[in-house]
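*Asks:*
Protein chains: 2
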Amino acid sequence: MLSPAHLAFAAALLLVLRPPASAVTARPIVAGKPAPSEAAATARWLAAQNTWGVLSTISSDLGGAPFGNVVSYSDGAPGEGHGIPYFYLTTLDPTARDALQDERTSFTLSEFPIGTCGKIDPENPTCAKLTLSGKLKLVDFQSSEADFAKSALFTKHPEMKGWPKNHNFRIFKLEIENIFLIDWFGGPKPISPSEYLEYGREQGSAMFS
Amino acid sequence: MLSPAHLAFAAALLLVLRPPASAVTARPIVAGKPAPSEAAATARWLAAQNTWGVLSTISSDLGGAPFGNVVSYSDGAPGEGHGIPYFYLTTLDPTARDALQDERTSFTLSEFPIGTCGKIDPENPTCAKLTLSGKLKLVDFQSSEADFAKSALFTKHPEMKGWPKNHNFRIFKLEIENIFLIDWFGGPKPISPSEYLEYGREQGSAMFS
Chain A
51 MLSPAHLAFA AALLLVLRPP ASAVTARPIV AGKPAPSEAA ATARWLAAQN
101 TWGVLSTISS DLGGAPFGNV VSYSDGAPGE GHGIPYFYLT TLDPTARDAL
151 QDERTSFTLS EFPIGTCGKI DPENPTCAKL TLSGKLKLVD FQSSEADFAK
201 SALFTKHPEM KGWPKNHNFR IFKLEIENIF LIDWFGGPKP ISPSEYLEYG
251 REQGSAMFS
Chain B
51 MLSPAHLAFA AALLLVLRPP ASAVTARPIV AGKPAPSEAA ATARWLAAQN
101 TWGVLSTISS DLGGAPFGNV VSYSDGAPGE GHGIPYFYLT TLDPTARDAL
151 QDERTSFTLS EFPIGTCGKI DPENPTCAKL TLSGKLKLVD FQSSEADFAK
201 SALFTKHPEM KGWPKNHNFR IFKLEIENIF LIDWFGGPKP ISPSEYLEYG
251 REQGSAMFS
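Taken in sequence, the protein lines are chains A and B.
Using our numbering, you'd call the opening residue of the first sequence number 51 and step up by one each time.
Using our numbering, you'd call the opening residue of the second sequence number 51 and step up by one each time.
#1: Could you list which residues in chain A have their beta carbon closer than 7 Å to that of B:R154, in chain order?
#2: By the DSSP assignment, the beta strand (DSSP E) with B:E247 in it spans what residues?
#3: Count Cβ pairs between the region 195-203 of chain B and the region 125-136 of chain A that sit closer than 8 Å; are there 3 or more?
#4: Beta carbon of B:D125, beta carbon of B:A178: below 8 Å?
#5: Along the region 172-187 of chain A, where does the CB come closer than 7 Å to a CB of chain B? Name the residues.
#6: So B:T141 and B:L105 are supposed to be a Cβ contact under 8 Å. How far apart are they, rounded?
#7: Hey, which unbroken runs of the beta strand (DSSP E) at 3 residues or more fall wholly within the region 77-151 of chain A?
#8: Restricting to Cα atoms, I'd like to know which of A:T158, A:L180 and A:F162 is closest to A:I241.
#9: Please report the distance separating the alpha-carbon of B:P135 from that of A:S109.
#10: Roughly how many angstroms lie between the CA atoms of B:T107 and B:A85, to the nearest whole one?
#11: Which stretch, first to last residue, makes up the beta strand (DSSP E) that contains A:S156?
#12: Let's see if you can read the secondary structure: which residues bound the alpha helix (DSSP H) around B:T205?
#13: Three-state secondary structure (DSSP) at A:I226?
#14: Name the two residues that bound the continuous beta strand (DSSP E) containing A:G237.
#15: In its own chain, which residues sit with a C-beta less than 8 Å from the C-beta of A:T101, not counting the 5 before and 5 after it?
#16: Grouping DSSP H, G and I as helix and E and B as strand, with all else coil, what is B:K211?
#17: List the whole-angstrom C-beta distance separating A:F137 from A:F222, where the pair is believed to meet the contact cut-off of C-beta under 8 Å.
#18: Leaving out the 5 sequence neighbours to the left and right, which residues in its chain are closer than 7 Å to A:A115 when beta-carbon positions are compared?
#19: Would you say A:H217 lies against chain B (beta-carbon separation less than 8 Å)?
#20: Taking beta-carbon pairs under 7 Å, can you tell me which members of the region 239-254 of chain B lie near chain A?
#21: Taking 7 Å as the cut-off, is the CB of A:N216 close to at least one heavy atom of the ligand NAD?
#22: Classify A:A71 as helix, strand or coil using the three-state DSSP reduction.
Below, the structure is given as structure tokens:
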């Protein structure tokens with residue numbers, strides 16, 4: 051049986067062995083999946099690794115029912131994800147029209163298409179799922195943020211540059227208000243938008259907030 | 051220049067060369083993607099080939115905002131898709147709880163994870179996207195439909211059989227009311243739920259309606 055002195059020593063050892071919080075949040079975003087306990091890191095990794103997801107809006111065509119649509123996105127150039135998803139959407143499509151009437155939107159990503167779930171079922175909680183909810187906002191095409199978004203989008207989706215000019219493509223971004231992440235057993239992980247957005251910021255990467 | 055007689059001959063030849071409508075609708079669901087002009091066939095192929103998608107509900111946790119969630123599904127055993135997506139959802143998860151309060155749901159699938167889009171961008175209209183909208187209904191666990199659904203789900207998602215009994219998994223199905231398919235340039239293809247559900251029925255496969 052351990053004495054109180056042993057326990058105090060073990061606790062001190064644990065503190066030494068466990069990296070400080072700042073080191074965890076500064077963990078670089080790399081191809082390998084973060085540990086399930088690192089919720090913000092896992093969410094940012096999912097957002098950085100994926101190239102497409104489903105944007106859900108309140109449908110004006112369907113009388114207020116939800117409507118999910120497959121879209122491409124980017125949160126930064128490859129290896130430089132900043133967490134905010136940017137989209138290049140045409141107002142010929144219902145999703146952009148819906149968002150211009152009602153900004154409430156969720157954006158859903160799965161780890162499955164990245165390939166790292168292996169044989170695990172896409173619905174298994176250890177195959178990570180991320181839903182970012184908030185407001186889908188039009189980005190002023192002449193702003194520096196639009197320049198960043200275009201670079202982020204066009205490096206990951208080169209064919210977008212050639213999409214028809216007369217189709218009224220616009221840049222949108224999701225202003226994140228709620229985060230739903232499942233990356234292990236035990237239910238969704240609580241992550242605040244600031245925890246998510248500030249992850250890795252110490253590495254000196256610029257962000258739009 | 052062609053005479054009216056030539057034109058009549060050409061029209062007759064076209065009628066001979068083009069398969070009759072019944073032959074088109076009876077086209078078997080196989081691994082190869084149907085032609086873009088065959089909208090119902092393409093939608094059914096997408097539903098049969100995929101194993102997961104995003105279910106969007108009206109979120110009670112988020113005050114009526116849309117909420118998309120990654121889920122597995124099955125519309126039949128491999129090679130025997132019937133078009134109706136069945137789900138195995140736990141009421142520990144917000145999607146099932148949302149649907150029990152407000153049935154309005156959409157289910158969104160992409161061709162991209164099937165692998166047949168190749169280098170085409172996931173948002174390119176020729177990489178097909180399908181959104182089935184309607185009502186998410188609980189299926190009575192003791193019914194013959196539940197037996198069909200369990201067989202459909204467990205053959206495509208074998209690990210589901212071992213998921214914890216105390217997690218209150220229930221079988222749901224989407225009653226389809228609206229179909230949004232993009233599989234080529236020129237906007238969404240109009241498909242009615244009956245065109246979608248009746249596709250391939252001549253082949254003698256049983257369906258739950």
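Ideal placement from N, C-alpha and C gives every residue a C-beta, glycine not left out.
*Replies:* If we stick to the structure as given:
#1: Position 104 of the second sequence, counted from the first residue, corresponds to residue 154 of chain B. Simply A115 and P116.
#2: Residue 247 of chain B sits at position 197 when you count from the first residue of the second sequence. The displayed chain sequence assigns Leu, not Glu, to residue 247 of chain B. Here B:L247 belongs to no beta strand (DSSP E); instead the alpha helix (DSSP H) covers P243 to E248.
#3: no
#4: Here residue 125 of chain B refers to the residue found at position 75 of the second sequence. Here residue 178 of chain B refers to the residue found at position 128 of the second sequence. Their beta carbons are not under 8 Å apart, which means B:D125 does not touch B:A178 by this criterion.
#5: P172, E173, N174, K179, T181 and S183
#6: Locating residue 141 of chain B in the second sequence gives position 91, counting from the first residue. Locating residue 105 of chain B in the second sequence gives position 55, counting from the first residue. About 14 Å separates the two Cβ atoms, so there is no contact after all.
#7: With a minimum length of 3 residues, the continuous beta strand (DSSP E) runs that stay inside the region 77-151 of chain A are 102-108, 116-122 and 136-140.
#8: Indexing the first sequence from 1 puts residue 241 of chain A at position 191. Among A:T158, A:L180 and A:F162, the Cα nearest to that of A:I241 is on A:L180.
#9: To locate residue 135 of chain B, count along the second sequence from 1; it is residue 85. To locate residue 109 of chain A, count along the first sequence from 1; it is residue 59. Taken atom to atom, the span from the alpha-carbon of B:P135 to that of A:S109 is near 21 Å.
#10: To locate residue 107 of chain B, count along the second sequence from 1; it is residue 57. To locate residue 85 of chain B, count along the second sequence from 1; it is residue 35. The alpha-carbon atoms of B:T107 and B:A85 are separated by roughly 31 Å.
#11: Your numbering for residue 156 of chain A matches position 106 in the first sequence. It spans R154 to S160 - the beta strand (DSSP E) in which A:S156 sits, taken as one unbroken run.
#12: Here residue 205 of chain B refers to the residue found at position 155 when the second sequence is read from its first residue. DSSP places B:T205 in the uninterrupted alpha helix (DSSP H) bounded by S194 to K206.
#13: Start at 1 with the first residue of the first sequence, and residue 226 of chain A comes out as number 176. Correct three-state label for A:I226: strand.
#14: The count along the first sequence starts at 1 and reaches residue 237 of chain A at position 187. Counting along the chain, A:G237 falls outside any beta strand (DSSP E), and DSSP gives it neither H nor E.
#15: As a first step, residue 101 of chain A must be located in the first sequence, where it is residue number 51. The beta carbon of A:T101 is closer than 8 Å to those of S122, Y123, S124, K206 and H207 in its chain, skipping five residues each way along the sequence.
#16: Mapped onto the second sequence, residue 211 of chain B falls at position 161. The DSSP-derived three-state label of B:K211 is helix.
#17: Residue 137 of chain A sits at position 87 when you count from the first residue of the first sequence. Residue 222 of chain A sits at position 172 when you count from the first residue of the first sequence. Contact holds; Cβ gap of about 4 Å.
#18: Along the first sequence, one-based indexing puts residue 115 of chain A at 65. Cβ neighbours of A:A115 beyond the five flanking positions: S109.
#19: Working through the first sequence from its first residue, we reach residue 217 of chain A at position 167. No, A:H217 does not count as interfacial toward chain B.
#20: none
#21: Ligands in the displayed structure: none, and consequently the ligand NAD is not present.
#22: Mapped onto the first sequence, residue 71 of chain A falls at position 21. Since pLDDT at A:A71 reaches only 37, below the 50 mark, its modelled position is unreliable, and no value is offered.
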